[in-house]
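Undergrad: Please read through the structure below; I'll follow up with questions.
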Amino acid sequence: MSPRVSDQQEQARAWFETLRDRICLALEAIEGGATFMRKPWARAEGGGGVMSML
């Protein structure tokens, strides 16, 4: 993988994480006191992410 593609993937990852965080904060504000629990997950075949549960 070229450094350029790797940089773009990192930028996309950071953008989506920020979007997730903003959405979670907005929903927490609506719910008044409820907070999201974050749980990392991974697939055996590769890949994964972070699940956010209210």
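In the working numbering, each residue's number is its place in the sequence shown (first place is 1) plus 155.
Note that the Cβ used here is the ideal one computed from N, Cα and C, for glycine as well.
All figures in this text were calculated on a predicted structure; none of them were measured in a lab.
Residue range of the alpha helix (DSSP H) that S207 falls in?
TA: Here residue 207 is taken as the residue at index 52 of the sequence shown, counted from 1. Unbroken run through S207 is the beta strand (DSSP E), G203 to M208; no alpha helix (DSSP H).
Undergrad: What is the C-beta distance between W196 and G187, in whole angstroms, given that I count them as a contact (C-beta under 8 Å)?
TA: Numbered from 1 along the sequence shown, position 41 holds the residue referred to as residue 196. Numbered from 1 along the sequence shown, position 32 holds the residue referred to as residue 187. Going by Cβ atoms, the distance from W196 to G187 rounds to 28 Å, so no, they are not a contact pair.
Undergrad: Closest to A189 by C-alpha separation, out of T173, E200 and S207, would be which residue?
TA: Counting from one through the sequence shown, the residue named residue 189 turns up at place 34. Among T173, E200 and S207, the Cα nearest to that of A189 belongs to S207.
Undergrad: Which residues does DSSP list as the beta-bridge partners of P195?
TA: Sequence index remark: in the sequence shown, residue 195 carries index 40 (1-based). According to DSSP, P195 bridges with V205.
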